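**Q**
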Amino acid sequence: MPPRDRGAPEPAGQRELLTAGDVARTIARMAHQVIEKTSLGASGAPPVVLLGIPTRGAPLAARLAARIAEFSGVTVPTGTLDITLYRDDLRRRPTRPLGETALPQGGIDKALVVLVDDVLFSGRTIRAALDALRDAGGRPRAVQLAVLVDRGHRELPIRADYVGKNVPTARAEEVHVLLTETDDRDGVLLYREGESG
Amino acid sequence: MTTLLIRGATPYGEGGPVDVLVRDGVIREIADRVDADAGTEVLDAGGLVALPGFVDLHTHLREPGREDTETIETGSRAAALGGYTAVFAMANTDPVADNAVVVEHVWRRGREVGLVDVHPVGAVTVGLKGERLAELGTMARSAAGVRIFSDDGLCVADPLIMRRALEYTKALDAVIAQHAEEPRLTVGAQAHEGEQAARLGLAGWPAVAEESIVARDCLLARHVGARLHVCHVSTEGTAEVLRWAKGRGTRVSAEVTPHHLLLDDSRLSTYDPVNKVNPPLRTATDAAALRAALADGTVDCVATDHAPHASQDKDCEWSAARPGMLGLQTALPIVVQTMVNPGLLDWRGVARVMSERPAEIAGLPDQGRPIAVGEPATLTLVDPAGRWTVRGADLASVAANTPYEGMELPGAVVATVLRGALTARDGKAAK
Amino acid sequence: MKHLLGTDGLDRDTALAVLDTSDGLKRTLLGREVRKLPTLRGRTVITMFYENSTRTRVSFEIAGKWMSADVVNVSAGGSSVGKGESLRDTALTLAAAGADCVIVRHPASGAAHRLAGWLAEAGTSVVNAGDGTHEHPTQALLDAATLRDRLGDVEGRRIGVVGDVLHSRVARSNVHLLTTLGAEVVLVAPPTLLPTGVADWSVGDAGSLVVSHELDPELPTLDAVMVLRVQAERMHGGFFPSAREYAIAYGLSENRLRLLPEHAPVLHPGPMLRGMEISAAVADSPRAAITQQVTNGVHVRMAVLYHLLAGEEDGS
Numbered sequence: 001m002p003p004r005d006r007g008a009p010e011p012a013g014q015r016e017l018l019t020a021g022d023v024a025r026t027i028a029r030m031a032h033q034v035i036e037k038t039s040l041g042a043s044g045a046p047p048v049v050l051l052g053i054p055t056r057g058a059p060l061a062a063r064l065a066a067r068i069a070e071f072s073g074v075t076v077p078t079g080t081l082d083i084t085l086y087r088d089d090l091r092r093r094p095t096r097p098l099g100e101t102a103l104p105q106g107g108i109d110k111a112l113v114v115l116v117d118d119v120l121f122s123g124r125t126i127r128a129a130l131d132a133l134r135d136a137g138g139r140p141r142a143v144q145l146a147v148l149v150d151r152g153h154r155e156l157p158i159r160a161d162y163v164g165k166n167v168p169t170a171r172a173e174e175v176h177v178l179l180t181e182t183d184d185r186d187g188v189l190l191y192r193e194g195e196s197g
Numbered sequence: 001m002t003t004l005l006i007r008g009a010t011p012y013g014e015g016g017p018v019d020v021l022v023r024d025g026v027i028r029e030i031a032d033r034v035d036a037d038a039g040t041e042v043l044d045a046g047g048l049v050a051l052p053g054f055v056d057l058h059t060h061l062r063e064p065g066r067e068d069t070e071t072i073e074t075g076s077r078a079a080a081l082g083g084y085t086a087v088f089a090m091a092n093t094d095p096v097a098d099n100a101v102v103v104e105h106v107w108r109r110g111r112e113v114g115l116v117d118v119h120p121v122g123a124v125t126v127g128l129k130g131e132r133l134a135e136l137g138t139m140a141r142s143a144a145g146v147r148i149f150s151d152d153g154l155c156v157a158d159p160l161i162m163r164r165a166l167e168y169t170k171a172l173d174a175v176i177a178q179h180a181e182e183p184r185l186t187v188g189a190q191a192h193e194g195e196q197a198a199r200l201g202l203a204g205w206p207a208v209a210e211e212s213i214v215a216r217d218c219l220l221a222r223h224v225g226a227r228l229h230v231c232h233v234s235t236e237g238t239a240e241v242l243r244w245a246k247g248r249g250t251r252v253s254a255e256v257t258p259h260h261l262l263l264d265d266s267r268l269s270t271y272d273p274v275n276k277v278n279p280p281l282r283t284a285t286d287a288a289a290l291r292a293a294l295a296d297g298t299v300d301c302v303a304t305d306h307a308p309h310a311s312q313d314k315d316c317e318w319s320a321a322r323p324g325m326l327g328l329q330t331a332l333p334i335v336v337q338t339m340v341n342p343g344l345l346d347w348r349g350v351a352r353v354m355s356e357r358p359a360e361i362a363g364l365p366d367q368g369r370p371i372a373v374g375e376p377a378t379l380t381l382v383d384p385a386g387r388w389t390v391r392g393a394d395l396a397s398v399a400a401n402t403p404y405e406g407m408e409l410p411g412a413v414v415a416t417v418l419r420g421a422l423t424a425r426d427g428k429a430a431k
Numbered sequence: 001m002k003h004l005l006g007t008d009g010l011d012r013d014t015a016l017a018v019l020d021t022s023d024g025l026k027r028t029l030l031g032r033e034v035r036k037l038p039t040l041r042g043r044t045v046i047t048m049f050y051e052n053s054t055r056t057r058v059s060f061e062i063a064g065k066w067m068s069a070d071v072v073n074v075s076a077g078g079s080s081v082g083k084g085e086s087l088r089d090t091a092l093t094l095a096a097a098g099a100d101c102v103i104v105r106h107p108a109s110g111a112a113h114r115l116a117g118w119l120a121e122a123g124t125s126v127v128n129a130g131d132g133t134h135e136h137p138t139q140a141l142l143d144a145a146t147l148r149d150r151l152g153d154v155e156g157r158r159i160g161v162v163g164d165v166l167h168s169r170v171a172r173s174n175v176h177l178l179t180t181l182g183a184e185v186v187l188v189a190p191p192t193l194l195p196t197g198v199a200d201w202s203v204g205d206a207g208s209l210v211v212s213h214e215l216d217p218e219l220p221t222l223d224a225v226m227v228l229r230v231q232a233e234r235m236h237g238g239f240f241p242s243a244r245e246y247a248i249a250y251g252l253s254e255n256r257l258r259l260l261p262e263h264a265p266v267l268h269p270g271p272m273l274r275g276m277e278i279s280a281a282v283a284d285s286p287r288a289a290i291t292q293q294v295t296n297g298v299h300v301r302m303a304v305l306y307h308l309l310a311g312e313e314d315g316s
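Chains as they are written, first to last, in UniProt numbering: chain Y, 1 to 197; chain U, 1 to 431; chain D, 1 to 316.
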């Protein structure tokens with residue numbers, strides 16, 4: 001999704017679902033959930049790796065890792081997993097540039113991999129991510145999913161393990177996550193039908 | 001023979017419209033107003049320019065051998081529709097027109113069709129091989145009365161053979177028409193040697209390959225006191241050589257094709273072989289120099305180099321394609337566009353380069369004559385305001401390889417009259 | 001991108017996008033056990049080689065297969081091509097049989113352009129894998145990828161191209177691509193092996209083109225040198241007097257290599273004539289980027305297929 005002109009006033013038909021402060025608080029809560037659910041640092045618990053799905057999953061994963069380190073003292077390795085080459089909708093859009101796939105130094109073999117993305121919608125992105133993960137090498141012990149926003153309308157049997165905020169939406173609406181790293185500010189916006197660029 | 005009254009035409013585009021009465025193939029009366037008797041066919045020529053019928057020194061009619069691309073009949077139709085009353089059919093047929101049998105066949109077929117005077121060109125050398133002279137005298141004395149000899153398509157490259165050919169034809173009142181191309185300089189050549197061909201990776205056909213042969217042949221012709229005709233002049237340098245040679249009294253004449261007047265090698269970037277021709281399309285500078293040379297008489301006349309080719313020989317990769325373009329039906333419009341409209345030639349000048357000079361060069365006594373009482377009624381009527389869009393499929397030739405496809409051209413041939421008989425009228429050939 | 005017919009006219013953004021994709025693919029596949037991506041599943045790619053070039057054909061074939069395209073190889077010897085069928089008929093047949101992309105190598109300059117015209121209706125993409133003495137765009141792209149690997153960037157670099165420029169489609173494609181990417185290209189050759197008016201060619205706005213007949217004075221100024229193959233038949237054509245004289249004047253020997261700055265790599269499109277245009281020692285030295293070129297060739301060709309086949313039908 002294209003970044004918007006941050007200087008312009010928000011058009012009518014656009015609603016801010018999460019403010020910058022909400023985004024920070026949500027990420028912090030998700031960090032606690034990851035620590036708890038993965039028994040992070042406990043003996044016998046598998047090592048955790050966060051893999052962000054570009055574009056916005058990558059900075060989200062980094063932020064999540066920072067909070068986790070802050071709260072638990074455990075540094076979880078992070079990386080990125082680009083799914084462009086695995087998408088099933090390539091021919092519906094102009095050619096996409098590739099994103100970055102960068103697995104952490106120690107790899108993902110036997111790790112508990114948490115995929116991180118900004119919005120969970122149809123589930124197709126996550127399916128592509130699972131395919132990409134399989135080809136990327138190594139065999140994770142388990143794969144989990146963390147998303148900042150779950151907006152519903154799943155088309156595949158996929159659910160997130162960690163959800164920042166559940167947002168009921170109409171199919172025609174669009175949810176845009178903004179992050180300082182990619183969009184100059186934090187926030188989550190909902191665009192009604194025909195209102196988004 | 002019927003009587004024809006051409007009403008309201010303007011001879012040479014000069015003065016007011018006149019009526020021209022034709023009987024038994026001869027112009028009988030020219031006056032402001034001629035009354036038509038009963039039984040006289042009246043041709044309304046209001047607004048049309050009357051010119052002497054065009055003479056094409058350079059046509060490929062492909063018969064015998066490649067009747068799938070053109071025949072003497074279809075080519076004659078194209079000629080009549082283009083305003084031509086005489087055409088010279090080049091010798092590179094299969095079999096080659098290097099003997100009396102073939103030239104007489106072509107001549108006879110032309111007479112049978114009867115739309116245009118078809119004069120066979122005889123080959124200079126046996127089989128166009130450039131090795132030994134064909135029986136020039138026998139062809140000259142045959143029923144076809146050959147007066148132009150050419151190995152066109154190939155150059156008579158051997159200087160000794162060329163010298164002998166020039167010398168020998170002095171006794172025959174004939175002329176050698178040289179396809180000037182030094183073959184050692186054009187091995188594998190595909191396009192004009194210049195920036196365009198170099199970028200496109202097409203082997204170059206350098207201007208000097210033409211100019212050096214023209215210079216040599218002018219020197220040879222002067223040395224032996226013979227006449228020389230240079231086919232399809234394509235470069236500025238050749239025009240300069242001709243100017244120099246004529247200036248020192250060499251008996252040399254030259255022709256330029258309509259496509260070399262109009263088109264240039266910028267068209268090659270599509271690699272569409274419809275633009276492939278020999279000599280190749282040159283630069284825009286060359287085309288401008290050729291227009292100037294035609295205007296000042298350095299180049300004597302326009303000849304079409306009408307060269308029909310089958311679609312499979314054009315709808316292929318560039319290097320596999322045969323060189324050549326259709327030209328008979330588009331020649332006058334191109335001359336109007338490149339010479340008349342820019343003011344380089346008036347209609348008197350068009351008569352000179354399309355009819356009078358070529359008839360003189362070929363020694364045709366009854367073509368290129370003045371439009372005057374007592375002269376043969378061999379005329380072309382042109383609508384100077386006419387415009388038409390070229391469609392290869394609509395041309396009379398069997399082949400459709402026109403480079404002007406889709407182009408809107410000025411000047412339309414409305415009627416062609418050969419010795420008093422209408423051979424073409426309003427876009428339809430008489431037979 | 002609908003076709004890749006040449007680098008002449010290929011805009012800078014598209015060229016960089018292909019090179020970036022190539023880099024991305026290389027990183028993606030680095031160290032993988034399974035070098036297979038599902039991206040072009042169900043797409044059919046046909047290679048049509050009217051000239052023998054095992055290296056280029058195999059490179060395209062691997063590229064297609066690693067992207068999961070179905071790759072079919074047609075060679076002039078083993079098909080109706082050998083029976084005199086026209087290029088046009090062959091192309092239309094392959095398109096009718098369902099080819100999404102035709103990769104063509106042909107001895108006639110412009111063959112790929114003609115093919116693209118005939119296939120316009122079918123919507124089949126055409127990749128020029130070398131046409132006569134015209135262009136070989138994927139070679140130039142893989143050369144640019146290699147230069148980026150070795151030098152970081154092509155922009156502002158001075159790249160020497162030495163040898164038979166006249167007959168080289170590799171040289172033409174490199175001249176256009178490298179200047180578009182902002183390099184200064186120095187063509188070094190005897191006058192008989194340079195194309196007409198090449199010094200005046202309009203090339204990529206961002207770069208420039210100069211011509212020289214002497215190699216030694218240029219070498220210390222170059223950031224890379226690309227050595228072109230010299231075919232023996234050119235000697236018989238009288239383009240230069242002897243192989244010996246050519247090697248003395250233009251061959252990249254060990255001594256000459258010392259004139260080249262330390263950072264400057266040596267590229268060669270292959271196949272090499274060792275002892276003629278390049279000495280064996282130079283070809284085998286770490287300065288030579290020749291195997292890197294081959295590796296990049298696969299990734300660049302994958303990237304080209306991606307940009308041709310993985311976007312919208314009527315996408316740019």
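Idealized CB from N, CA, C, for every residue including glycine. Please read these numbers as outputs of a predicted model, since none were measured by experiment.
In three-state terms, what does DSSP make of Val-299/U?
**A** In this structure, Val-299/U counts as coil in the three-state DSSP scheme.
**Q** Report the start-end ranges of each beta strand (DSSP E) in the segment 172 to 209 of chain U that is 3 residues or longer and not cut off at the edges.
**A** Entirely contained in the segment 172 to 209 of chain U, the beta strand (DSSP E) runs reaching 3 residues are, in chain order, 175 to 178.
**Q** Name the chain Y residues whose beta carbon is nearer than 8 Å to that of Val-20/D?
**A** According to the sequence displayed, residue 20/D carries Asp and not Val. Those within 8 Å of Asp-20/D in chain Y are Pro-97 and Leu-98.
**Q** Rounded to whole angstroms, what is the Cα-Cα separation between Gly-156/D and Gly-207/D?
**A** Cα to Cα, Gly-156/D sits roughly 8 Å from Gly-207/D.
**Q** As a quick exercise: from Asp-346/U, Arg-227/U, Gly-65/U and Ala-203/U, pick the residue whose alpha carbon is nearest that of Leu-172/U.
**A** The shortest C-alpha separation from Leu-172/U is found at Arg-227/U.
**Q** What's the gap between the Cα of Glu-181/Y and the Cα of Leu-60/Y?
**A** So the two alpha carbons sit approximately 9 Å from each other.
**Q** Specify, as a first and last residue, the run of the beta strand (DSSP E) that Ser-22/D falls within.
**A** It is not in any beta strand (DSSP E) - Ser-22/D instead sits in the alpha helix (DSSP H) that spans 12 to 29.
**Q** Between the Cα of Pro-157/Y and the Cα atoms of Gln-33/Y, Thr-84/Y and Arg-127/Y, which residue gives the shortest distance?
**A** Nearest C-alpha to Pro-157/Y: Arg-127/Y.
**Q** Just list the alpha helix (DSSP H) runs in the UniProt domain "Phosphoribosyltransferase" (15 to 165) of chain Y, keeping only unbroken ones of 4 residues or longer that don't cross its boundaries, in chain order.
**A** Counting whole runs of 4 or more residues, the UniProt domain "Phosphoribosyltransferase" (15 to 165) of chain Y contains the alpha helix (DSSP H) stretches 20 to 37, 57 to 72 and 124 to 135.
**Q** Could you have a look at Arg-6/Y and say whether DSSP puts it in helix, strand or coil?
**A** Residue confidence for Arg-6/Y is low, a pLDDT of 48 falling below 50, so the modelled location carries little weight; the figure read from the coordinates is stated next. Note: Arg-6/Y maps to coil in three-state DSSP.
**Q** Sorted by chain position, which residues of the same chain lie with C-beta nearer than 6 Å to Leu-187/D's C-beta, five sequence neighbours on each side aside?
**A** Counting only Cβ-Cβ distances below 6 Å, and skipping sequence neighbours, we find Val-161, Val-165 and Val-211.
**Q** Go through the segment 195 to 225 of chain D residue by residue and report every complete run of the beta strand (DSSP E) that reaches 3 residues or more, in order.
**A** As far as the segment 195 to 225 of chain D is concerned, its whole beta strand (DSSP E) runs of at least 3 residues are 208 to 212.
**Q** Going along the chain, which residues of its own chain have a beta-carbon closer than 7 Å to the beta-carbon of Ile-72/U, five neighbours each way excluded?
**A** Excluding sequence neighbours, Ile-72/U sits near Leu-61, Glu-63, Val-106, Arg-109, Gly-110, Val-113 and Val-118.
**Q** Where do the ends of the beta strand (DSSP E) carrying Asn-278/U lie?
**A** Asn-278/U -> no beta strand (DSSP E), and no H or E assigned at all.
**Q** Which residue's Cα is closest to the Cα of Thr-2/U: Ala-50/U, Ile-27/U and Thr-69/U?
**A** Of Ala-50/U, Ile-27/U and Thr-69/U, the residue nearest in Cα terms is Ile-27/U.
**Q** Assuming the contact rule is C-beta atoms closer than 8 Å, Ala-174/U and Arg-216/U should be a hit. Round their C-beta distance to whole Å, please.
**A** That pair is no contact at about 20 Å.
**Q** Would the segment 290 to 309 of chain U and the segment 230 to 242 of chain U be scored as touching if the rule is three or more Cβ pairs under 8 Å?
**A** Touching, yes, given that three or more Cβ pairs across the two stretches are closer than 8 Å.
**Q** For Glu-317/U versus Ala-108/D, is the C-beta distance shorter than 8 Å?
**A** For Glu-317/U and Ala-108/D, yes; Cβs fall inside 8 Å.
**Q** For Glu-356/U, which option in Glu-41/U, Asp-56/U, Thr-74/U and Gly-122/U has the closest C-alpha, if you only look at C-alpha atoms?
**A** When each option's Cα is compared against that of Glu-356/U, the closest is Asp-56/U.
**Q** When the Cα atoms are used, what is the spatial distance from Gly-137/U to Thr-169/U?
**A** Going by the C-alpha atoms only, they are around 8 Å apart.
**Q** Do the segment 156 to 172 of chain Y and the segment 108 to 128 of chain Y touch if we need at least three Cβ pairs shorter than 8 Å?
**A** The segment 156 to 172 of chain Y, when compared against the segment 108 to 128 of chain Y, does touch it at the 8 Å Cβ threshold.
**Q** At which residues does the alpha helix (DSSP H) containing His-176/Y begin and terminate?
**A** Taken as a continuous stretch (DSSP letters only), His-176/Y belongs to no alpha helix (DSSP H), being part of the beta strand (DSSP E) at 174 to 178.
**Q** Name the DSSP beta bridge partners of Asp-19/U, please?
**A** Asp-19/U is bridged to Arg-7/U and Ala-31/U.
**Q** Report the neighbours of Val-34/D on chain Y: residues whose CB is nearer than 7 Å to its CB, in chain order.
**A** Within chain Y, the residues near Val-34/D are Asp-135.
**Q** Which of the three DSSP states is assigned to Cys-218/U in this structure?
**A** If DSSP states are grouped into helix, strand and coil, Cys-218/U belongs with the helices.
**Q** Please name the residue or residues paired with Cys-316/U in a DSSP beta bridge.
**A** According to DSSP, which records beta bridges pairwise, Cys-316/U is partnered with nothing at all.
**Q** Note down, in chain order, all residues in the segment 74 to 86 of chain Y with a beta-carbon under 9 Å from any beta-carbon belonging to chain D.
**A** Going along the segment 74 to 86 of chain Y in chain order, one finds Asp-82, Thr-84, Leu-85 and Tyr-86 with a Cβ nearer than 9 Å to chain D.
**Q** If we cut at 8 Å on Cβ distances, does Arg-172/D have a partner in chain U?
**A** So, interface residue.
**Q** Looking only at its chain, what residues have a beta carbon closer than 6 Å to the beta carbon of Thr-389/U, apart from the 5 residues adjacent to it on each side?
**A** Counting only Cβ-Cβ distances below 6 Å, and skipping sequence neighbours, we find Glu-408.
**Q** Mind reading off the beta-carbon distance from Gly-79/Y to Ala-102/Y? Whole number of angstroms is fine, and I expect it under 8 Å.
**A** 5 Å between Cβ atoms; contact.
**Q** Assign Trp-205/U to one of two classes, buried (16 or more other C-beta atoms within 10 Å of its C-beta) or exposed (fewer than that).
**A** Buried, since its Cβ has 16 or more Cβ neighbours within 10 Å.
**Q** Enumerate in chain order the residues of its own chain whose CB-to-CB distance from Asn-92/U is below 8 Å, with the five nearest sequence positions on each side excluded.
**A** His-60, Ala-123, Leu-128, Asp-151, Asp-152, Gly-153 and Leu-154, listed in sequence order.
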